[in-house]
């Protein structure tokens, strides 16, 4: 019996059997090619508020390791970088560590010049291994080495949705739209600035982060979640 490529890519049993290995591979690939955020922030500190300088900064950043996208605002006033890192994420509740887990952590970094200073805004999204496994199992995401690129695209879309204040709450969880047909389920949390970034903290020195715990296709959603998701 021959298995056609389309059948292979969509068979639920095959996706279920491959999900753990593919998630591990995506984590390993990301760890080998993660962003040097301290280097990016050091370069941004010298950014000048003119179009050519910002264009050069965007181009250099786009070519840097672990930068999955670099955008310059149409009016040239700011640069937005999307970066990827492999991290051990430690979850704390009331100053007590609850658990630690391996995750892909994506950052949306906004850079703009204001009165001789470079202002930096950061929002983040983390995807634990379980969330990646569920994406493989429950969606039509690419199987194989293309999975990390699909995760990059999902992260960029999710961080943009956060910036636009999209998403909804249901039964204590936060849901954000996915590029694949479904939603990311998780929570809105806060993380500390990393010490080697060299940034001066404002507003308490924490960074908002969406912690994606799982991916839900339409048939895994509760009725209330499905209704809110279907309304767009």
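Numbering (my numbering), first residue to last: 31 to 262.
Glycine residues also receive a C-beta, built at the ideal position from the N, C-alpha and C atoms.
The structure presented is a predicted model; accordingly, all values stated were derived computationally and were not measured.
With a cut-off of 8 Å on the beta carbons, I'd call residue i and residue j a contact; round off their distance for me.
i: residue 168; j: residue 136; result: With a Cβ gap of about 20 Å, residue 168 and residue 136 do not count as contacting.
i: residue 132; j: residue 159; result: 6 Å
i: residue 102; j: residue 84; result: 6 Å
i: residue 92; j: residue 138; result: Residue 92 to residue 138, Cβ: 15 Å. No contact.
i: residue 229; j: residue 71; result: 6 Å
i: residue 108; j: residue 142; result: 4 Å
Suppose the cutoff is 7 Å on Cβ atoms and the five residues either side in sequence are ignored; what does the same chain contact list for residue i look like?
i: residue 218; result: 204, 238 and 240
i: residue 245; result: 161, 164, 165, 168, 169, 208, 212 and 214
i: residue 116; result: 57, 60, 61, 64 and 134
i: residue 81; result: 106
i: residue 248; result: 211, 212 and 256
Going by DSSP, what residues sit across from residue i in a beta bridge?
i: residue 151; result: 140
i: residue 246; result: 213
i: residue 219; result: 239
i: residue 130; result: 120
Between the Cα of residue i and the Cα atoms of the options, which residue gives the shortest distance?
i: residue 215; options: 222, 206 and 221; result: 206
i: residue 154; options: 134, 196, 94 and 51; result: 134
i: residue 58; options: 177, 97 and 76; result: 177
i: residue 4; options: 165, 108, 65 and 119; result: No information on residue 4 is available, as it lies outside the stretch 31 to 262 that the chain covers here.
i: residue 75; options: 249, 148 and 55; result: 148
i: residue 100; options: 80, 198, 182 and 41; result: 182
i: residue 190; options: 111, 84 and 88; result: 111
i: residue 48; options: 71, 172, 109 and 142; result: 172
i: residue 202; options: 73, 45 and 254; result: 254
i: residue 152; options: 145, 144 and 140; result: 140
Quick check on DSSP: helix, strand or coil for residue i?
i: residue 171; result: coil
i: residue 260; result: helix
i: residue 177; result: helix
i: residue 95; result: coil
i: residue 225; result: helix
i: residue 120; result: strand
i: residue 254; result: helix
i: residue 156; result: strand
i: residue 163; result: helix
i: residue 56; result: helix
i: residue 35; result: Bear in mind that a pLDDT of 47 at residue 35, under 50, signals an unreliable position, so the number given afterwards is only what the model happens to contain. If DSSP states are grouped into helix, strand and coil, residue 35 belongs with the helices.
i: residue 64; result: coil
i: residue 108; result: strand
i: residue 145; result: coil
i: residue 78; result: coil
i: residue 102; result: strand
Please go through the same chain and pick out, in chain order, the residues whose beta-carbon is closer than 8 Å to the beta-carbon of residue i, but skip the five residues on each side of it.
i: residue 69; result: 94
i: residue 179; result: 172
Quick one: residues in its chain with C-beta nearer than 6 Å to the C-beta of residue i, no 5 flanking neighbours on either side, listed in chain order?
i: residue 242; result: 157, 161, 214 and 216
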